[in-house]
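> Below are the structure tokens for one structure; questions will follow.
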Amino acid sequence: MTDTGTDISELLADAAQGVHIKHAPVEAIVAGGTRRRTRRRAAGAAVVALAVACTAGILTSVSPHADSRTASVAAAPDATIRPLTQTIATGVVDGKPWTLSIDIWQRAANADAAAREWSATQQAEYSDPQRAGGKGGQQLLHTGWFFANLHIGDGHVDVTDDALTATGDRGVETSWGKFTSTGTRWYVVGMAGPAVQTVTCTWDDGHKATPTLQTVAGTDNRFFAIDAPTPKPNDGVPNCTATG
Amino acid sequence: MRGTAGAAAGTDGNSEDFQAFVVGRWSRLMRTSYLLTGEQYAAEDLVQACLERTFVAWRKVSLAQDPDAYVRRIMVNAHARRHRMGIKEYLSLSGDPDHEHDLPVLGDSMAQAVERADLLAALAQLPLRQRQAVVLRYWEDLSETQAAAAMGCSVGTVKSNAARGITRLRSAIGLTRAGTDTSLPLHEGLRS
Chain A
7 MTDTGTDISE LLADAAQGVH IKHAPVEAIV AGGTRRRTRR RAAGAAVVAL AVACTAGILT
67 SVSPHADSRT ASVAAAPDAT IRPLTQTIAT GVVDGKPWTL SIDIWQRAAN ADAAAREWSA
127 TQQAEYSDPQ RAGGKGGQQL LHTGWFFANL HIGDGHVDVT DDALTATGDR GVETSWGKFT
187 STGTRWYVVG MAGPAVQTVT CTWDDGHKAT PTLQTVAGTD NRFFAIDAPT PKPNDGVPNC
247 TATG
Chain B
19 MRGTAGAAAG TDGNSEDFQA FVVGRWSRLM RTSYLLTGEQ YAAEDLVQAC LERTFVAWRK
79 VSLAQDPDAY VRRIMVNAHA RRHRMGIKEY LSLSGDPDHE HDLPVLGDSM AQAVERADLL
139 AALAQLPLRQ RQAVVLRYWE DLSETQAAAA MGCSVGTVKS NAARGITRLR SAIGLTRAGT
199 DTSLPLHEGL RS
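So this is what it looks like as structure tokens:
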């Protein structure tokens with residue numbers, strides 16, 4: 007017999023009535039959310055310090071795969087685990103400067119390092135940090151993870167994130183969106199596998215773009231961004247494929 | 019790669035949407051949070067933190083097929099994180115005379131208030147995952163699949179945690195599956 011738990015449901019519903027519902031503190035929530043954004047940007051600035059520390063060989067150890075640019079996180083205090091952040095495109099839209107950057111959370115050297123790195127991602131103010139490497143960071147051990155961030159004016163958007171192995175060696179993955187809610191300009195951000203030499207994006211109207219693939223520290227994948235002046239026709243999407 | 023196609027990146031234009039979302043969801047989120055944390059102020063704090071995170075990700079949340087599912091996930095994660103960090107959620111019924119949850123509210127009978135307090139105490143004694151599974155399944159009325167998505171675990175884990183949770187709850191507050199016999203001395207044997 008299935009236990010529907012009706013008795014428990016009724017008790018919980020009654021108990022839930024015991025809380026005092028006040029007015030939603032909308033202004034405080036917006037202010038708190040804005041502060042979180044600001045802290046996150048500050049964390050990005052800490053990458054400079056990370057680069058210095060990396061030079062000293064304190065935080066990272068180069069992967070045993072000597073031919074790879076991929077590094078892995080070695081044992082390090084939690085407080086010092088940060089993503090490698092690199093700006094891949096900048097511009098101005100509607101009078102506001104924008105910057106598109108990539109955070110690379112590197113492949114961890116062992117399970118303990120993966121767990122610590124995952125824990126660090128939980129403090130990094132991402133919108134859905136639980137995804138970063140799967141629960142407990144199991145995938146950080148094998149793949150690493152990236153987050154793409156768009157800063158525009160005073161605003162910030164988590165554009166997309168995924169495992170660094172998501173494309174395979176020869177695949178391309180893209181995400182896109184409008185810079186502003188009222189504007190007409192679009193951006194495209196993408197990740198290409200290590201073996202991809204050229205990417206061509208084709209819109210529904212035949213418009214094409216061949217973005218420059220940029221290397222990013224911490225991964226063999228390469229990233230690209232397009233400031234697309236052409237409005238997307240018929241709600242079409244750019245189709246970005248490896249062409250070389 | 020998770021797409022966010024068709025979305026506007028700016029935050030200025032969707033502030034009103036977010037505010038409407040907060041106002042519309044506040045009451046429900048507060049009740050869920052109250053059952054998870056067992057305490058008025060902890061519940062408010064959790065919901066506020068959850069909505070602040072939602073604000074940061076509003077563009078993505080507003081485009082999600084089920085924004086409520088997204089927010090639930092944020093809340094469950096935040097609750098688990100606070101639990102791991104050892105933030106005390108449930109405060110002793112007898113420890114602080116200012117606690118509101120063990121006082122009868124307007125129109126309540128004292129017995130009903132005591133019953134509520136007993137249930138909250140019993141909930142607070144459940145292991146975290148059991149508490150979350152019980153609240154999501156039997157208060158939020160989520161399916162096992164939806165609860166699993168919110169908790170970031172398998173359906174089987176939700177099933178087992180929910181089953182163990184309600185068994186312990188019934189045992190703690192003297193319920194049988196036959197129903198809710200409120201003549202039972204629900205408040206006995208709960209306080210150490």
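If you read the sequences in order, they're chains A and B.
Position one of the first sequence corresponds to residue 7 (the numbering used here), numbered consecutively onward.
Position one of the second sequence corresponds to residue 19 (the numbering used here), numbered consecutively onward.
All C-beta atoms, glycine included, are put in the ideal place defined by N, C-alpha and C.
Bear in mind that the values here come from a model prediction, so they are computed numbers and not experimental data.
Among A:R45, A:T44, A:H29, which residue has its Cα nearest to the Cα of B:Q66?
A:H29
> What is the C-beta distance between A:A22 and B:Y52, in whole angstroms, given that I count them as a contact (C-beta under 8 Å)?
The Cβ separation is near 6 Å, so the contact holds.
> Rounded to a whole number of angstroms, what is the C-alpha to C-alpha distance between A:A172 and B:L64?
34 Å
> According to DSSP, which residues form a beta bridge with A:K214?
Note: A:K214 sits in a beta bridge opposite A:T208.
> Counting only beta-carbon separations shorter than 7 Å, does B:Y59 have a partner in chain A?
For B:Y59, the answer is no, since every Cβ of chain A falls outside 7 Å of its Cβ.
> Quick one: which chain A residues come within Cβ less than 9 Å of B:E34?
Those within 9 Å of B:E34 in chain A number zero; the least Cβ separation is about 11 Å.
> Below 8 Å on the Cβ atoms is my guess for B:S80 versus B:D35; work out the distance and round it to an integer in Å.
6 Å
> Is any beta-carbon of chain A found at less than 7 Å from that of B:L70?
The question names Leu, but residue 70 of chain B is Glu in the sequence shown. B:E70 counts as touching chain A.
> Hey, could you find the ends of the alpha helix (DSSP H) B:S33 is sitting in?
DSSP places B:S33 inside the alpha helix (DSSP H), whose first and last residues are 33-55.
> Since B:R147 meets chain A, which of its residues come closer than 8 Å, beta carbon to beta carbon?
What B:R147 touches in chain A: nothing, since even the nearest Cβ is about 12 Å away.
> Hey, which unbroken runs of the beta strand (DSSP E) at 3 residues or more fall wholly within the region 114-174 of chain A?
151-158, 161-169
> Would you tell me roughly how many angstroms separate the C-alpha atoms of A:R228 and A:T247, rounded to the nearest one?
13 Å
> Flag this pair as touching only if the region 201-221 of chain A and the region 155-165 of chain A have three or more C-beta atom pairs under 8 Å; answer yes or no.
no
> By the criterion of Cβ-Cβ separation under 9 Å, what are the contact partners of A:Q220 in chain B?
What A:Q220 touches in chain B: nothing, since even the nearest Cβ is about 16 Å away.
> Below 8 Å, how does it come out for the region 92-111 of chain A and the region 146-157 of chain A: are there three or more Cβ pairs, yes or no?
yes
> Who are the Cβ neighbours of A:A201 in its own chain at under 7 Å, not counting the five residues just before and after it?
D175, R176
> Under 7 Å between the Cβ atoms of A:T105 and A:T93?
yes
> Just to make sure I have the definition right: I need the residues of chain B whose C-beta is within less than 8 Å of the C-beta of A:S107. Which are they?
Within chain B, no residue comes near A:S107; the closest Cβ sits about 13 Å away, beyond 8 Å.
> Excluding the 5 residues flanking A:K184 on each side, which residues of the same chain have their C-beta closer than 6 Å to its C-beta?
W192
> Within the continuous beta strand (DSSP E) that includes A:G291, where are the two ends?
Absent from the structure is residue 291 of chain A, since the part of chain A shown begins at 7 and ends at 250.
> To the nearest whole angstrom, what separates the beta carbons of B:R77 and A:V163, a pair I think is in contact under 8 Å?
In this structure B:R77 is in contact with A:V163, their Cβ atoms being roughly 5 Å apart against a cut-off of 8 Å.
> Checking contacts by CB at 7 Å: is A:S251 closer than that to chain B?
Outside the shown range of chain A (7 to 250) lies residue 251 of chain A, about which nothing can therefore be said.
> In whole angstroms, what is the alpha-carbon distance linking A:I232 and B:A151?
44 Å
> With a cut-off of 7 Å, does the C-beta of B:L144 fall near any C-beta of chain A?
no
> Under 7 Å between beta-carbons, which chain D residues line up against B:A82? List them in chain order, please.
Annotation note: the requested chain D is absent from the structure, which comprises protein chains A and B.
> Kindly indicate which three-state DSSP category A:I232 falls into: helix, strand or coil?
strand
> Any idea which residues DSSP pairs A:L106 with across the strands?
Bridge partners of A:L106: A:A95, A:L156.
> If we count the other Cβ atoms within 10 Å of its Cβ and call it buried at 16 or more, is A:A234 buried or exposed?
buried
> Looking at A:A121: is its Cβ nearer than 7 Å to the Cβ of A:G142?
yes
> Relative to the alpha-carbon of B:R182, which residue among B:A168, B:V40, B:V153 has its alpha-carbon at the smallest distance?
B:V153
> For B:A140, decide whether its Cβ has a neighbour in chain A, counting only Cβ atoms nearer than 7 Å.
no
> For A:T149, tell me which candidate among A:P31, A:F230, A:A119 has the shortest Cα-Cα distance.
Looking at A:P31, A:F230, A:A119, the one whose alpha-carbon comes closest to that of A:T149 is A:A119.
> Shorter than 7 Å from the beta carbon of A:P244 to some beta carbon of chain B?
It does not: the Cβ of A:P244 has no partner Cβ on chain B nearer than 7 Å.
> Considering only residues of the same chain and omitting the five flanking positions on each side of A:T249, which have a CB-CB separation below 7 Å?
T204, V205, T206
> Using a Cβ-Cβ cut-off of 7 Å, state whether B:F39 counts as contacting chain A.
no
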